[in-house]
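A.B. asks: Quick one: the structure is below, and I'll ask about it shortly.
Numbering (this note's numbering), first residue to last: 65 to 262.
Set out below in structure tokens:
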């Protein structure tokens, strides 16, 4: 297939990812994320990046399950984290066994990058603090960005950049709100002094 069309599919996937950031309704977010996963799956397959292609299936399943954690008891189980990490490792093996990816120390390392990225994201999505989740998720970006650079995925790299910016903005907003809350409420010592010396 024409390399330009392959990159256009990747850019469409990146656009779906950006639209999911802007969506407000949970259903709309899930639909855009599903659209992104399908488009990235096709994009990676056409690039010969089979590990990332299959990991999109794992990530879509994980996201659908984790989104039910507040409603369904089985979805909240901490056992899903090792299950999805094991699935990612299984995908890593399949890329060499089923898709006949040529094994070499270099290819073994490259194909391990998105597996590490997915593993970090899986752990991050189970964190209760939104701030810790953002910071942990930021750790996954270099893994995916390195992989996308190796396969020359423009859409993948732009999506990684958008995710990094989104995480940074979210972190800075949180810090700003935290500092504003600290300045609005006086420290316990100061409050006690005011009560003692009216």
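Yeah, the Cβ is synthetic: ideal placement off N, Cα and C, and Gly gets one too. Computed from a prediction, not measured in an experiment: that's the story for all the values here.
Among 159, 186, 185, whose alpha-carbon lies nearest the alpha-carbon of residue 173?
C.D. replies: 159
A.B. asks: Would you identify the three-state DSSP class for residue 162, choosing helix, strand or coil?
C.D. replies: coil
A.B. asks: If you follow the alpha helix (DSSP H) that residue 134 is in, where does it begin and where does it stop?
C.D. replies: Taken as a continuous stretch (DSSP letters only), residue 134 belongs to no alpha helix (DSSP H), as it is neither H nor E.
A.B. asks: Can you give me the C-alpha to C-alpha distance between residue 169 and residue 136, rounded to a whole angstrom?
C.D. replies: 42 Å
A.B. asks: Alpha carbon to alpha carbon, what distance is there between residue 246 and residue 261?
C.D. replies: The predicted position of residue 261 is uncertain, since its pLDDT is 49 and thus under 50; no value can be drawn from it.
A.B. asks: For a test of the three-state rule: what should DSSP assign to residue 261, helix, strand or coil?
C.D. replies: Confidence is the limiting factor: at residue 261 the pLDDT is only 49, short of 50, which leaves the residue's position unreliable, though a coordinate-based value still follows. DSSP places residue 261 in coil when its eight states are reduced to three.
A.B. asks: Keeping to the same chain, check which residues put their C-beta closer than 6 Å to that of residue 110; ignore five residues upstream and five downstream.
C.D. replies: 65, 70
A.B. asks: In whole angstroms, what separates the C-alpha of residue 95 from that of residue 121?
C.D. replies: 14 Å
A.B. asks: Note down, in chain order, each residue of its chain lying with its Cβ closer than 7 Å to the Cβ of residue 133, except the 5 sequence neighbours on either side.
C.D. replies: 139, 140
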